[in-house]
Structures are given as structure tokens and as C-alpha cells.
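Quick mapping for you: the protein sequence lines, in order, are chains A and B.
Those letters in the first sequence? Residues 10 to 255, per this note's numbering, in order.
Those letters in the second sequence? Residues 10 to 255, per this note's numbering, in order.
Virtual Cβ for every residue (Gly too), placed ideally from N, Cα, C.
Number of protein chains: 2
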Amino acid sequence: MAWNDTSTDLDGLSEQGFEVECGGRRVPGVYWAPAETNPNQLCLLGHLASGHKQAEYVTQLAHGLGEMGIASMAIDAPGHGERAVAAHPKGGYSSDLNALGRRFDEGGGTDGMVAEWKAALDFIESEFGNRATGYWGLQLGTMIGLPLAALDQRISVAVFGLMGNMGPNADDMMKHARSVQCPVRFIVQWDDKKVTRDVALELFDALATGRKTLHANPGSHSAVPTFEVISSVEYVARLLNADRPE
Amino acid sequence: MAWNDTSTDLDGLSEQGFEVECGGRRVPGVYWAPAETNPNQLCLLGHLASGHKQAEYVTQLAHGLGEMGIASMAIDAPGHGERAVAAHPKGGYSSDLNALGRRFDEGGGTDGMVAEWKAALDFIESEFGNRATGYWGLQLGTMIGLPLAALDQRISVAVFGLMGNMGPNADDMMKHARSVQCPVRFIVQWDDKKVTRDVALELFDALATGRKTLHANPGSHSAVPTFEVISSVEYVARLLNADRPE
């Protein structure tokens, strides 16, 4: 587990790469914080199946959080970003869920992917200490983040969505949803043909927490309104701050 | 159409009663504004079937809006508040939808109730001028307010909810929903036994506007979370301000 050599200053946000080892797999990650600060809150950012840890929207979220004084981090999911394999070029999206399933398996399945996030969070906490921690991730970010939130009590608030009772780890998601206790905002695209209403509502319903709110907007899978994204980041920030010890 | 004699100062909020005549019916209303100001925004407040124009939650909403510099107004629905008839004592709630339907009919049905709100808004505009206008009303407030928003283009943003394709004016609501063009936030209680998910989603789906967001929280009909109410008032305020001419 180590930092990369380089740290980049992105307009007041410091970005630094790192790598952790988990179950024999090398997992590359990136950590963002407002320059020269040590925030009291941290948000984990899960990328989409079409993305990677430094996809544009991930970096934008990191900037938005940074402006609110919140640190963030991301790792590449199995088969994505620096972990892309020949058959799945970097950042390439496959709508073939079986292919996604094979990449999951290469990453140790649901348990393996949860272990990777835990290892990354362990590393960041070893460097900066424990602090109020949230998770933000839609679609693939929910497929991995929802089991993580169920299994790692450090996650005190989560934004999920664009996912449902479907895909290669549907059974794992549904099982773990019944253990999620933290507050959740769940984003649904009402005309989503990839993740239909029915399966999305099944997953929302399965979440054990009593503090969950579904936000549904018209439009397709990829048309989440900007105001909804901004509102979701403000939600995470508000709850992480509420969680902050005096 | 006239003001009542008395104006009350409620902790910085001025409250004044008025009465308009509509189709031979006397319709009592109330107007709130931050004391000694003439706000640029106005929100119409529709009460619940269990309430009236000065029910506690209506007054609380008026205060919340007033603190944001927004005026508000409410009228008694047919059979409610000062318009209660012997069989339906003031503020008394009847879960008998047929009884509610009879009270609707006494008020001229959907068209008559829309005309009453239009007359009240006409009066307030004759006194204070035209300004950005929103509507906030759940349950009965949606049964009346949704047709109003469809038929009166002065309504530029609305909060609806706790209602669906059901009740004495279900057909009218579904018909008028297909003409609603303003942005709408639609609040659903996910375990509502009075207004089930299915009928609520049918009404949400029927809304013509592309700017509509459904917010669903766990719990019964009467358990709308406080944070959701506050957020809905902030939503109205934000959109009324966005609508304000420079």
C-alpha cells in the first residue's frame, strides 16, 4: 500500500494516486482533498460501468465535495480503468452483463470488491484518521457500494441508484440490502430501459433502513438531471456534517 | 371581495383574512406576508381533507415561506373550515370519499373549486400586483391544486402528493394532469394505505411536464418526514426566485 510519486493540484483540489493490495490483486485508487487541509469528512465515489476512478463525472463530484470541505476517494473496479483487460479496453462499456459478471469474478465477486474498498478505506484512514464517511455511486457504483454499506459500518450515508434487482450480483445486492442501516438516497430514472422501474423499486424496497428516499425523474438511464446530482452531493455533505462529532 | 377588519401580526408575519365571491359562494381566505413588505413571490397553500385554511401546518408553511421573503395565501375548500356544514363539523375529517365528493359538488366540483382559487388569486393580485406564483398542496390540496395548475398558467411551480388516480375527482385529475406544464415535485408515502403506490404513480406518470420529480419515503399516509416538507418549501422558493424578473 503506497502513494504514487505524483500529487496534482487541480484548481485548489489536491489529487494523489495510491495503490492497495487485496487478495493478490493490485487495486489502484485516487484521493482528493482541498489543498493543504485534512477534512473531517470523506466520501467514497463509485464509478459507472462505462467509467473508471478518474472519469470526468467522478472528478467533478470530487471537486464539488472539495468545495464543501469534504475529501473523496475512488478506486478502479475490476476490469475498469488501470485494471482493464485486453478484451475490455480502458473505460470501454460493455452492455453485456455476462461480460461484466466475468470481470466481477476476476475481482473476487461481490465479496472481493467489497474487500477492495475496505482495503482502500483502511489505507486512507491509516494516513488521515477515522472520520465521517459516505458513499456515492450509481449503477456499477451501487452494485459494489450497496454490499459495502451493508458490510462496513463506517459508511454512515449513501447515494445509490440506476440499479435494481438485476445483473450479475443481483442476489448479493438483494441480500445485503436487507442489512443496510445507514440513510440512503436512491436515484431512479423513470424511463430507464436498462434498469426498469420494477427492478429498481424492488431494490429500494429491500433496503432495511427506515431513512431512505427515492428520487425519480423522467428520462433514460443516462439522463439523470444535473440538479439531482448536485442535490445528492449536498445530501451527503449535510448528513456527514450532522454526523460530525462536536 | 374584501379584506376582513383585522390584521394579525404573528411574530413578524402579517396575517389578514379576506373573502371572495365565486359562483354565488362566499369563499373565505387568508393572506400572509412578512410584515410591512410586498414580496415578489407568492405561494398558494392547499390544506388537507382534515384541515382548513389556518390549520397548524398551513400556518407553519406560511411562516417558513415568510422567512424566505415569500407571501402566501390559503382558502377554505368546500365543506371545510368556515365553510363546514352541519354534517361535517369544522376541520372534521371524513374518510368517506363519497362524503368528500358531496362537498366537492356543493363547491361546484373540480371546475368550481378551480374557479374559487382563481377568484382568490385575482383578488390578491388586484391588491399586490402580479408576481411569480407557486402552489403547495398535498392530498385534498392536490385534488384541487393539480387542476388549478393545469388551468391557470400563473402557477409556475407546484408541490403535489399524497394523492393518486382515485377519489371523487380522479377522472378530472388524470385529465388535467396531462396539461400540467410547470415543474412539479410529487411526494409519495411508500407505505400509504389510503393512497396506494399504484394510483399515486399513475397520477405522477400522467403529469405532462418534463420537469417533475417523485420523492418517496417509507411510512404511512400521515408520516411525511419533516425534512421532506422543508425541502419542498425550499424547492418552491428556489423556483419562484429563478422565475423572478431581474
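is_contact[residue 6 of chain A, chain B] using C-beta, thresh 8 Å: In the structure displayed, chain A extends from 10 to 255; residue 6 of chain A sits before or after that span and is not available.
Distance between residue 82 of chain B and residue 142 of chain B (C-alpha atoms, nearest Å): Numbered from its first residue, the second sequence carries residue 142 of chain B at position 133. Numbered from its first residue, the second sequence carries residue 82 of chain B at position 73. When only Cα atoms are considered, residue 142 of chain B and residue 82 of chain B end up about 11 Å apart.
Element boundaries [beta strand (DSSP E), containing residue 79 of chain B]: Position 70 of the second sequence, counting from 1, holds the residue named residue 79 of chain B. In the DSSP assignment, residue 79 of chain B falls outside any beta strand (DSSP E) and carries neither an H nor an E.
Other residues of its chain near residue 73 of chain A: CB distance less than 8 Å, five sequence neighbours each side excluded: For this step, residue 73 of chain A is matched to residue 64 along the first sequence. Once the five neighbours on either side are set aside, the close Cβ partners of residue 73 of chain A are 239, 242.
Counterpart residues of residue 164 of chain A in DSSP-defined beta bridges: Numbered from its first residue, the first sequence carries residue 164 of chain A at position 155. Bridge partners of residue 164 of chain A: A:142.
Members of the region 201-229 of chain B near chain A, C-beta cut-off 7 Å: Cβ contacts with chain A: 219, 221, 222, 223, 224, 225, 226, 227.
Cβ separation of residue 56 of chain A and residue 149 of chain A, assumed to be a contact under 8 Å, to the nearest whole Å: Locating residue 56 of chain A in the first sequence gives position 47, where the first residue counts as 1. Locating residue 149 of chain A in the first sequence gives position 140, where the first residue counts as 1. Confirmed, about 7 Å.
8 Å contact criterion, which residue 26 of chain A and residue 39 of chain A should meet: CB distance rounded: Locating residue 26 of chain A in the first sequence gives position 17, counting from the first residue. Locating residue 39 of chain A in the first sequence gives position 30, counting from the first residue. That belief holds up - the Cβ atoms of residue 26 of chain A and residue 39 of chain A are roughly 5 Å apart, short of 8 Å.
Whole-angstrom distance between residue 162 of chain A and residue 132 of chain A, CA atom to CA atom: Against the first sequence, residue 132 of chain A aligns to sequence position 123. Against the first sequence, residue 162 of chain A aligns to sequence position 153. Rounded to whole angstroms, residue 132 of chain A to residue 162 of chain A spans 16 Å at the Cα level.
Outcome for residue 181 of chain B when other beta-carbon atoms lying within 10 angstroms are tallied against a minimum of 16: In the second sequence, the residue the question calls residue 181 of chain B occupies position 172. The residue is buried, with at least 16 neighbouring Cβ atoms inside 10 Å.
Min CB distance residue 188 of chain B to chain A below 8 Å: Within the second sequence, the letter at position 179 stands for residue 188 of chain B. Chain A contact via Cβ: absent.
Where residue 181 of chain B sits in the DSSP three-state scheme: Indexing the second sequence from 1 puts residue 181 of chain B at position 172. In this structure, residue 181 of chain B counts as helix in the three-state DSSP scheme.
Meets three-Cβ-pair contact criterion under 8 Å: the region 188-195 of chain B and the region 166-179 of chain B: Contact holds: three or more Cβ-Cβ distances are below 8 Å.
DSSP state of residue 241 of chain B mapped onto helix, strand, coil: By 1-based counting over the second sequence, the position of residue 241 of chain B is 232. The answer is helix: DSSP assigns residue 241 of chain B an H, G or I state.
Assigned exposure category for residue 202 of chain A - 16 Cβ within 10 Å defines buried: If you number the first sequence from 1, residue 202 of chain A lands on position 193. Residue 202 of chain A is exposed by the Cβ-count criterion.
Sequence-distant residues of the same chain with beta carbon closer than 7 Å to residue 204 of chain A, five excluded per side: The count along the first sequence starts at 1 and reaches residue 204 of chain A at position 195. In chain order, 171, 172, 173, 175, 230 place their CB closer than 7 Å to the CB of residue 204 of chain A, counting only its own chain and leaving out the 5 sequence neighbours on each side.
Residue 115 of chain B versus residue 65 of chain B - alpha carbon distance: The count along the second sequence starts at 1 and reaches residue 115 of chain B at position 106. The count along the second sequence starts at 1 and reaches residue 65 of chain B at position 56. Between the alpha carbons of residue 115 of chain B and residue 65 of chain B lies a distance of about 25 Å.
Sub-8 Å separation of residue 16 of chain A and residue 42 of chain A beta-carbons: Within the first sequence, numbered from 1, the residue matching residue 16 of chain A stands at position 7. Within the first sequence, numbered from 1, the residue matching residue 42 of chain A stands at position 33. Residue 16 of chain A places its beta carbon 8 Å or farther from that of residue 42 of chain A.
Outcome for residue 69 of chain B when other beta-carbon atoms lying within 10 angstroms are tallied against a minimum of 16: As a first step, residue 69 of chain B is located in the second sequence; it is residue number 60 there, counting from the start. Classification of residue 69 of chain B: exposed, given that the 10 Å Cβ count is below 16.
Continuous alpha helix (DSSP H) stretch holding residue 46 of chain B: start and end: In the second sequence, residue 46 of chain B corresponds to position 37, counting from 1. First-last for residue 46 of chain B: undefined, no H or E at that position.
is_contact[residue 159 of chain A, chain B] using C-beta, thresh 8 Å: By one-based count along the first sequence, residue 159 of chain A stands at place 150. Not one chain B Cβ lies under 8 Å of residue 159 of chain A.
Counterpart residues of residue 224 of chain B in DSSP-defined beta bridges: Numbered from 1 along the second sequence, position 215 holds the residue referred to as residue 224 of chain B. Answer is A:224, B:196.
Within 8 Å, strictly: CB atoms of residue 113 of chain A and residue 177 of chain A: In the first sequence, counting from the first residue as 1, residue 113 of chain A sits at position 104. In the first sequence, counting from the first residue as 1, residue 177 of chain A sits at position 168. Going by C-beta atoms, residue 113 of chain A is nearer than 8 Å to residue 177 of chain A.
Simplified DSSP assignment, three categories, for residue 249 of chain B: In the second sequence, the residue the question calls residue 249 of chain B occupies position 240. When secondary structure is reduced to three states using DSSP, residue 249 of chain B falls in the helix class.
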